Ligand code: C6P
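Residue numbers (our numbering): 10 to 421.
Below, the structure is given as C-alpha cells:
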C-alpha cells in the first residue's frame, strides 16, 4: 500500500539519506520505531560533523586566528538558523544547551532567586521527569508550591480545571507541547494565553513536538521553549532554550566559567550579555553546527508533508493494532496526537513484548518512558511505545504488526 503523502514525500529517496536504516538487527532488516527516544541521523548531518572536524575544528569566540573565526562563524550561523526556524525575534534569545533537560534546569535554577514562599507553579499530569524534578527542586529551595493540572483517561489535559487553578499566586506554568508517553498535542496557545492573563510565565517543553510541528515563538507569545536536537535528526548532546530577552536578562547565570563573563577580579565578576551569559565553557561546537544542518534537512522535507505522512502512518498502525485482541491503546485519538502508539496487550508485560520484537528486528521503547506519574495514573507498570517518523513506511508497520502477533502467541 502507498499513502498519498508517501508519493508526495518520495520516502524511498528519503530512506537513502539514512545509512542506519539499511542495516540488519538480529539477522532481520531494522524497523526503527523508537523515534520519540531519539531520531536517526541523515547523511547530510553526519557529513556536516565530519566536515567540521576535517576543516574547521577550533575553539570559538576566543581566537583571532582564521580557523577559530571559521568555527565561530559556522556556530553563529547555526544559531541564526535555529532562530529563524522557531521565529525568535533575536538570535541572542537562543541559548545553546546540551538538550531539553539542561534547558529546563537552567530556567528552574534561575527562578530560585525570583520566586517566594507561597508562590504557585503549575505542571501538567503528563510531563516527562525533566519537566517535573527541576521544579520540585525549585520548590524545595524557595518554598513555592507545585500544583498538578490533571488529565483525563483519554490522555488530554483538563482545561476547565486548569482555568480554575490559575490565580494571582501562579507565577509559572510548565507543560509539554507533546507528551512523550502518549503523543497528545496539548493546546499550548490557550495554556499560554490563560497563564498570561494572571501574569504567570510559561515554559513549553518542545522535546517531542519539534520533530513534527514547527513552533513559532513570537506567534505563540511563549516565554520559554526547549528542544533537543537529537529528536529532530540532529546529534545528541545539543539543544536549545528559547527565552524572551527580558526574562533571560532577568535570570542569573546557571554556570560560572569561561566565556560567560564581562570582567573578572577576585573581588567581583560581571557577566557577559546574552547568549554568552548562559553558555559557560567550550560548547558542543560541531553539535550546534549540525543542529542547524538538521533543521535545514527537516525544512527541506517540509513540516507539513511530515505531519500529514506521519498521521497516515499512525492512523494505519492504530487500525491494524486494534484488530489484535487484548490490545489497549493509551492516549487520545490519532488526529489529536503525533505519531506515537503507546499500548499494552492484556496479560503480557511490555518488557517481554519489546524484547521479542527486538529479536525480530523491530525497535520500540518499553517501560515508563521517564513519565512515571502517567503510569501511576493508568495503574500500569509501563507501556510498549512505537513512535514513527517520516522515514518509516507502511510496510514496516506491517512487519511490526505481524511480529507483535507472533510475540503474543509465543508469550501467552
Ligand atoms: N524523552 C523518550 O524516550 P533530553 O534527554 O534532555 O534530550 O530530553 C528530555 C525530555 C524532555 N521532555 C520530553 C517531553 C521528552 O520526551 C524528553 C526525552 C525520551 O521519551 C528519552 S527519556
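Glycine included, each C-beta is placed from N, C-alpha and C at the ideal position.
Please read all numbers here as calculations on a predicted model, not as lab measurements.
- If you draw a 10 Å sphere on the C-beta of residue 262, you find 16 or more other C-beta atoms in it, and that means buried.
- The C-beta separation of residue 338 from residue 327 comes to about 7 Å, placing the pair in contact by the 8 Å criterion.
- The distance from the Cβ of residue 51 to that of residue 26 is about 4 Å, consistent with a contact at the 8 Å cut-off.
- With fewer than 16 other beta carbons inside 10 angstroms of its own, residue 199 counts as exposed.
- With a cutoff of 8 Å on beta-carbon distance, residue 314 and residue 48 are scored as not near each other.
- Taking the CA atoms as reference points, residue 381 sits about 43 Å from residue 65.
- Residue 55: member of the alpha helix (DSSP H) spanning 52–60, first to last residue.
- Take the alpha-carbon of residue 39 and the one of residue 202: they are about 43 Å apart.
- Pairing residue 377 with residue 308, the inter-Cα distance amounts to about 32 Å.
- When Cβ pairs closer than 8 Å are counted between the two stretches, the region 288–296 is seen not to touch the region 150–165, the count staying below three.
- Boundaries of the beta strand (DSSP E) around residue 394: 392–396.
- Within the DSSP bridge table, the entry for residue 353 names 337 as partners.
- Look at the beta carbons and you see the region 264–284 not touching the region 233–244: under three pairs across the two are nearer than 8 Å.
- Taking a 10 Å sphere around the C-beta of residue 32, we find fewer than 16 other C-beta atoms and assign the residue as exposed.
- Here residue 88 is buried, its C-beta having at least 16 other C-beta atoms within 10 Å.
- Shown here, residue 278 sits in a strand according to DSSP, grouped into three states.
- Per DSSP, residue 27 lies in no alpha helix (DSSP H) segment and is marked neither H nor E.
- A residue is called buried when at least 16 other Cβ atoms come within 10 angstroms of its Cβ; residue 92 meets this threshold and is buried.
- Counting along the chain, the unbroken alpha helix (DSSP H) around residue 112 starts and ends at 109–119.
- In this chain, the alpha helix (DSSP H) harbouring residue 142 covers 142–151.
- For residue 113, the closest alpha carbon among the candidates 385, 305, 133 and 251 is that of 251.
- Closest in C-alpha terms to residue 188, from the list 218, 96, 343 and 402, comes 218.
- Excluding its 5 nearest sequence neighbours in each direction, residue 163 has C-beta neighbours in its own chain below 7 Å: 341, listed in chain order.
- DSSP lists 129 as the beta-bridge partner residues of residue 179.
- One Cα belongs to residue 61, the other to residue 80, and the distance between them is close to 8 Å.
- In this structure, residue 299 has its CB at a distance of at least 7 Å from all heavy atoms of ligand 1.
- Taking 7 Å as the cut-off, the C-beta of residue 109 counts as close to a heavy atom of ligand 1.
- Residue 343 is classed as buried because its beta carbon has at least 16 other beta carbons within 10 Å across all chains shown.
- Between residue 369 and residue 332, the C-beta spacing is not below 8 Å.
- Leaving aside the five residues that flank residue 197 on each side, the residues in its chain whose CB is nearer than 7 Å to its CB run, in chain order, 184, 186, 213 and 229.
- Taking C-beta atoms under 8 Å as the contact rule, residue 372 and residue 41 qualify, at a distance of about 5 Å.
- Note that the C-beta distance between residue 399 and residue 58 is not below 8 Å.
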